[in-house]
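Trainee: Sending over a structure as structure tokens; questions will come in a sec.
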Amino acid sequence: MLASGTTVRVKLDWPETRGPCHIRTPHYLRGHEGVVVRHLGDFPNPEALAFRRPAEILPLYHVRFPMGALWPDRHGDNTILVELYETWLEAA
Amino acid sequence: MNILEAPSEKLLAGIRKLLAEKNIATEEEIAERIRITDEASPARGAAMVARAWTDPEYKALMLRDGTMAAEAMGVPMRGLPPLGVLENTAELHNLVVCTLCSCYPRAVLGYPPFWFKSAAYRARAVRDPRAMLVEFGTTIPDDVKLEVVDSTADYRWMVLPRRPAGTEGWSVEQLAALVHEGDMIGVTIPHAP
């Protein structure tokens, strides 16, 4: 389980280039670092459920990203808060 | 006939018949679900907001567990995704979007407004939210942090707006009448008349 305050990186992965898939991780976050705000609960993996496959129960986290890092032409301290499954996160 | 070219009314009737035959869902269960969906409206969220403004214990419950707070107001939440509530403060403004599709807290806000599903809203909310909010008539002061909540997975999110100044002593009914759909998405802010 990831503790609140842990810095994580969203995997720079593009499953959509490998065939049909269902993804709950927005493309604009991939490869970016964020900070775990809290564990929201554990849910069956929707990426498997979408294909009626057996779904692993995954921890879901709220992760915060500084908007300026996502969009180089933006500044200010706006942030984006997103629900992400543990399988999409790696140590930063 | 190619199933993709079949009239949608016929397809729907066929699916409902199959659901009943396979004991997955009866006509009555489907009718019940349609009734519950149609009954949901922003008035429910507004009633929750007004109560949170006047009842600190309820507000604490709402921020801790939105599903329980909705159920406490008689909203049926069984089988629905958990509801999370985001509090606007003097330092922070929340804006909700679903960039992947159109996740929306229908149990407490009803059907989403048409623009919530538009590609323009979904793209601009995460890319240029302050300028987009100005087009909704909402200017977020520079010293207020803006957090965009991209609703991507198993939760549904609603915003608890700030209570407008000049509403001291108002009843919960009067307060609830001030709260509109957009205030609970974060594109607008409630104002006293």
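Those protein sequence lines, which keep their order, are chains A and B.
Counting in the numbering used here, the first sequence runs from 403 upward without gaps.
Counting in the numbering used here, the second sequence runs from 702 upward without gaps.
Even for Gly, the Cβ is constructed at its ideal location relative to N, Cα and C.
Between G443 of chain A and chain B, is there a C-beta pair that is closer than 8 Å?
Mentor: The residue labelled residue 443 of chain A in the question sits at position 41 within the first sequence. So, interface residue.
Trainee: Compare the beta carbon distance of L784 of chain B and P806 of chain B with 8 Å and say whether it is the shorter of the two.
Mentor: Indexing the second sequence from 1 puts residue 784 of chain B at position 83. Indexing the second sequence from 1 puts residue 806 of chain B at position 105. Yes, Cβ-Cβ distance for L784 of chain B and P806 of chain B is below 8 Å.
Trainee: For A732 of chain B and L713 of chain B, I'd like the C-alpha separation in whole angstroms.
Mentor: Numbered from its first residue, the second sequence carries residue 732 of chain B at position 31. Numbered from its first residue, the second sequence carries residue 713 of chain B at position 12. Distance between the alpha carbons of A732 of chain B and L713 of chain B is about 13 Å.
Trainee: T427 of chain A versus chain B: which residues are under 8 Å apart at the beta carbon?
Mentor: Along the first sequence, one-based indexing puts residue 427 of chain A at 25. Within chain B, the residues near T427 of chain A are T853.
Trainee: Buried or exposed, going by whether 16 or more other CB atoms sit within 10 Å of the CB of D851 of chain B?
Mentor: For the purposes of this step, residue 851 of chain B is taken as the residue at position 150 of the second sequence. D851 of chain B comes out buried.
Trainee: Is the closest heavy atom of the ligand FAD to the C-beta of D756 of chain B under 7 Å?
Mentor: The ligand content of the structure shown is nil, which means the ligand FAD is not present either.
Trainee: Among all the DSSP beta bridges, which residues are the ones paired with I459 of chain A?
Mentor: The residue given as residue 459 of chain A occupies position 57 in the first sequence. In the DSSP output, where bridge partners are listed per residue, I459 of chain A has A:P446.
Trainee: Kindly confirm or deny that the stretch 875-889 of chain B and the stretch 735-750 of chain B touch, where touching means at least three C-beta pairs closer than 8 Å.
Mentor: Segments in contact, yes.
Trainee: Less than 8 Å between the C-beta atoms of E728 of chain B and R736 of chain B, yes or no?
Mentor: Start at 1 with the first residue of the second sequence, and residue 728 of chain B comes out as number 27. Start at 1 with the first residue of the second sequence, and residue 736 of chain B comes out as number 35. Cβ distance not < 8 Å, so E728 of chain B and R736 of chain B don't count as in contact.
Trainee: Please compile the residues from chain B whose C-beta is within a distance smaller than 7 Å of the C-beta of D579 of chain A.
Mentor: In the structure displayed, chain A extends from 403 to 494; residue 579 of chain A sits before or after that span and is not available.
Trainee: Span of the beta strand (DSSP E) holding M687 of chain B?
Mentor: Outside the displayed range of chain B (702 to 894) lies residue 687 of chain B, so it cannot be described from this structure.
Trainee: Please classify H464 of chain A: is it buried, with 16 or more other beta-carbons within 10 angstroms of its beta-carbon, or exposed?
Mentor: Position 62 of the first sequence, counted from the first residue, corresponds to residue 464 of chain A. Looking at its Cβ environment, which holds 16 or more other Cβ atoms inside 10 Å, H464 of chain A is buried.
Trainee: So is E485 of chain A in contact with chain B if we call contact Cβ pairs under 8 Å?
Mentor: As a working mapping, residue 485 of chain A is identified with position 83 in the first sequence. Output row for E485 of chain A: interface = yes.
Trainee: For E485 of chain A, count the other beta carbons within 10 Å of its own beta carbon; 16 or more makes it buried, fewer makes it exposed. Which is it?
Mentor: Within the first sequence, residue 485 of chain A is the residue found at index 83, counting from 1. The residue is buried, with at least 16 neighbouring Cβ atoms inside 10 Å.
Trainee: Measure the C-alpha to C-alpha separation of T768 of chain B and E758 of chain B and round it to an integer number of angstroms.
Mentor: Mapped onto the second sequence, residue 768 of chain B falls at position 67. Mapped onto the second sequence, residue 758 of chain B falls at position 57. Going from the Cα of T768 of chain B to the Cα of E758 of chain B covers about 15 Å.
Trainee: Under 6 Å Cβ to Cβ from N447 of chain A, same chain only, skipping five residues before and after it: list those, please.
Mentor: Within the first sequence, the letter at position 45 stands for residue 447 of chain A. A457, E458, L460.
Trainee: Per DSSP, Y487 of chain A is paired with what?
Mentor: The residue you call residue 487 of chain A lines up with position 85 of the first sequence. Paired residues: A:L462.
Trainee: Check each candidate in B:A726, B:M778, B:Q875 and name the one with the smallest Cα separation from A808 of chain B.
Mentor: Counting from 1 along the second sequence, the entry for residue 808 of chain B is found at position 107. The shortest Cα separation from A808 of chain B among B:A726, B:M778, B:Q875 belongs to B:M778.
Trainee: With distances taken between CB atoms, is the gap from R831 of chain B to L847 of chain B smaller than 8 Å?
Mentor: The residue you call residue 831 of chain B lines up with position 130 of the second sequence. The residue you call residue 847 of chain B lines up with position 146 of the second sequence. In this structure, L847 of chain B lies closer than 8 Å to R831 of chain B by Cβ.
Trainee: Would you mind reading off the limits of the beta strand (DSSP E) that contains E848 of chain B?
Mentor: Counting from one through the second sequence, the residue named residue 848 of chain B turns up at place 147. Where E848 of chain B is concerned, the enclosing beta strand (DSSP E) stretches over 846-851.
Trainee: With DSSP collapsed to three states, give me the class of E492 of chain A.
Mentor: Looking up residue 492 of chain A in the first sequence gives position 90. Three-state result, E492 of chain A: strand.
Trainee: Pull up the distance between the alpha-carbon of Y856 of chain B and that of I425 of chain A, whole angstroms please.
Mentor: If you number the second sequence from 1, residue 856 of chain B lands on position 155. If you number the first sequence from 1, residue 425 of chain A lands on position 23. In a straight line, the C-alpha of Y856 of chain B is about 15 Å away from that of I425 of chain A.
Trainee: Quick check: what's the CA-CA separation for E792 of chain B versus I841 of chain B?
Mentor: As a working mapping, residue 792 of chain B is identified with position 91 in the second sequence. As a working mapping, residue 841 of chain B is identified with position 140 in the second sequence. Spanning the two alpha carbons is a distance of roughly 10 Å.
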